[in-house]
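K.L.:
In the numbering used here, the protein residues as written are 5 to 267. Before we start, here is the structure in question, set down as structure tokens.
Here it is, written out as structure tokens:
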């Protein structure tokens with residue numbers, strides 16, 4: 005039995021498309037650091053309808069291909085770019101060529117019509133994008149304070165008015181992870197919202213864009229405390245439901261092939 009959040013009697017929840025979304029790439033490489041944010045990623049794509057999307061730091065591509073799937077299934081005309089060296093770093097670990105080979109094959113087989121992998125550094129890739137062109141930027145590279153701050157400083161000029169930035173691991177405070185420090189600085193400058201589950205996801209809004217937004221984006225950036233509490237609980241439950249479905253699928257016996265008809 006799957007869970008649904010309780011909504012206060014005086015709050016009209018925005019419409020969501022999450023119930024129709026079943027991520028095709030879930031916990032690749034037996035990692036699931038971003039799994040809990042896939043439902044939100046789908047609803048964000050449906051609400052924002054970006055024309056240009058860039059993700060910095062791909063690894064196995066769970067978040068990136070979740071965004072690509074959302075673009076495809078919501079009928080959004082969007083060019084998507086994934087930027088990574090596919091060599092790893094101190095936080096994700098270092099890995100061999102097989103990771104890129106698998107990710108590249110998956111991209112070619114599923115999203116090559118609108119998705120391109122850029123195997124280069126974040127700094128070098130930024131030179132390929134015009135200022136004010138990116139509608140959605142996901143920053144998920146090396147998570148030290150200095151690294152993520154530099155990434156954002158370089159890419160901020162590339163963002164369009166009203167663009168959204170996603171910063172993963174805002175709740176992680178061990179070792180030298182420093183996204184939380186940068187997040188605290190950014191919240192004093194930009195409209196923002198933060199999810200605390202699945203290691204934390206910060207959502208920033210660049211000034212500009214439409215002033216008459218409704219639905220999810222309005223609830224995120226203009227909602228009150230009750231609306232924000234609802235959103236956090238709603239997506240926490242969606243993450244739990246995804247994990248439950250995954251566990252059920254893993255425990256289910258393999259389906260037997262249908263009997264062959266007699267010649």
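Every residue gets a Cβ at the ideal spot worked out from N, C-alpha and C, and that includes glycine. Every value quoted in this text rests on a predicted model; they were computed, and no experiment measured them.
CB residue 72 to CB residue 116, shorter than 8 Å?
P.N.:
no
K.L.:
With three or more C-beta pairs closer than 8 Å as the rule, is the region 203 to 218 touching the region 162 to 181?
P.N.:
yes
K.L.:
Within the chosen definition, does the region 148 to 161 reach the region 175 to 191 through at least 3 CB pairs nearer than 8 Å?
P.N.:
By the Cβ criterion, the region 148 to 161 is in contact with the region 175 to 191, since at least three pairs of Cβ atoms, one from each stretch, lie closer than 8 Å.
K.L.:
If you run the structure through DSSP and keep just helix, strand and coil, what is residue 169?
P.N.:
Note: residue 169 maps to strand in three-state DSSP.
K.L.:
Which stretch, first to last residue, makes up the beta strand (DSSP E) that contains residue 84?
P.N.:
83 to 88
K.L.:
Verify whether the separation of the beta carbon atoms of residue 56 and residue 138 is less than 8 Å.
P.N.:
yes
K.L.:
If distances are taken between C-alpha atoms only, which option among 163, 126, 179 and 178 comes closest to residue 155?
P.N.:
126
K.L.:
Please name the residue, chosen from 35, 230, 90 and 79, that lies closest to residue 54 on a Cα-to-Cα basis.
P.N.:
79
K.L.:
Which value, in whole angstroms, describes the spacing of the CA atoms of residue 28 and residue 70?
P.N.:
If you draw a straight line from the Cα of residue 28 to the Cα of residue 70, it is about 8 Å long.
K.L.:
Enumerated in chain order, which unbroken segments of the alpha helix (DSSP H) with a length of 4 residues or greater are wholly contained in the region 200 to 233?
P.N.:
219 to 226
K.L.:
So, helix, strand or coil for residue 139, using DSSP?
P.N.:
Assignment of residue 139 by DSSP, reduced to helix, strand and coil, places it in the strand class.
K.L.:
Taking 8 Å as the threshold (C-beta atoms), are residue 50 and residue 26 in contact?
P.N.:
no
K.L.:
Could you check what DSSP says for residue 35 in three-state terms: helix, strand or coil?
P.N.:
coil
K.L.:
Just how far apart, CA to CA, sit residue 109 and residue 140?
P.N.:
24 Å
K.L.:
Compute the Euclidean distance between the alpha carbons of residue 86 and residue 199, then round it to the nearest angstrom.
P.N.:
23 Å
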